[in-house]
Every structure is written in structure tokens, then in C-alpha cells.
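Engineer: Structure in C-alpha cells, see below.
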């Protein structure tokens, strides 16, 4: 399931697709994920998208909107909201701070 998420994270993913990648049902996928990762597949997916977006913010000149779309977020506004909740700063502030550290 992790490999499937890592490969398909830019796309809109459903629990059916994630479970299907492991040839298990939705309930079993949730149970296994919770037991192994202590989070749901959706929580993991969002964390992974944020981590991938942080790499792009640091290493590319793509706009925040382009990064949001490239990492599977439905809009720049939603991406900004999720990013702020996870990182306690905006994507733009993260970009400035990470580039200052170089």
C-alpha cells in the first residue's frame, strides 16, 4: 500500500484503490494501516504529499499553485491550509526559510 501511495500520490486516490493495490478489502486495509503506521491511509497520504511539496518548495522555482497541483492538492488554498496546519507556517515562508539555510 505504501508503494502504491508513493507512486500515485499526485492523483486523487480512494481507499478502494489503495486497498486494491494490496489485494485486500477496505476494512482490512484500514486495520493493517492503523496497526502498522498508527494512522489512516488518508492521513499518511496527506503527510507524504506535504513532504514531497516541501522538497519542491526548497529545490524548485515552481509557484505554490504549481506545487499544490503537482502534489495532488485540489487547490492552492486547500494546500496552504493543510501545509500551515502541518508545518506551522505558509508554503512561501517555508520556501524562504529553507533557502536561507542553504
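In this note's numbering, the protein residues as written are -3 to 98.
We put the CB at the ideal spot given by N, CA and C, even for glycine.
1) Going by CA-CA distance only, name the one from 54, 41, 11 and 13 that's closest to residue 96.
2) Is the distance from the Cβ of residue 52 to the Cβ of residue 66 below 9 Å?
3) Excluding five sequence neighbours on each side, which residues of the same chain lie with their C-beta closer than 8 Å to the C-beta of residue 86?
4) Taking residue 82 as the reference, which of 94, 34, 57 and 44 has the closest Cα?
5) How far does the alpha helix (DSSP H) with residue 48 in it reach, from first residue to last?
6) What are the uninterrupted segments assigned as alpha helix (DSSP H) that are 4 or more residues long and contained completely in the stretch -1 to 39, given in chain order?
7) Rounded to whole angstroms, what's the CA-CA distance from residue 3 to residue 47? Just pull it up for me.
8) In chain order, what residues of the same chain lie with their CB nearer than 7 Å to the CB of residue 14, ignoring the 5 residues before and after it?
Structural biologist: Looking at the atomic coordinates:
1) Counting from 1 along the chain shown, the entry for residue 96 is found at position 100. When each option's Cα is compared against that of residue 96, the closest is 54.
2) In the chain shown, residue 52 corresponds to position 56, counting from 1. In the chain shown, residue 66 corresponds to position 70, counting from 1. Against a cut-off of 9 Å, the Cβ pair of residue 66 and residue 52 comes out as a contact.
3) Locating residue 86 in the chain shown gives position 90, counting from the first residue. Contacts found: 76, 79 and 80.
4) Along the chain shown, one-based indexing puts residue 82 at 86. For residue 82, the nearest C-alpha among the options comes from 44.
5) Reading the chain shown from its first residue, position 52 is the one you call residue 48. Counting along the chain, the alpha helix (DSSP H) containing residue 48 begins and ends at 37 to 55.
6) 11 to 17 and 22 to 33
7) In the chain shown, the residue the question calls residue 3 occupies position 7. In the chain shown, the residue the question calls residue 47 occupies position 51. If I take the Cα positions, the gap works out to 14 Å.
8) Looking up residue 14 in the chain shown gives position 18. Taken in chain order, the residues that qualify are -3, 0, 1, 25 and 37.
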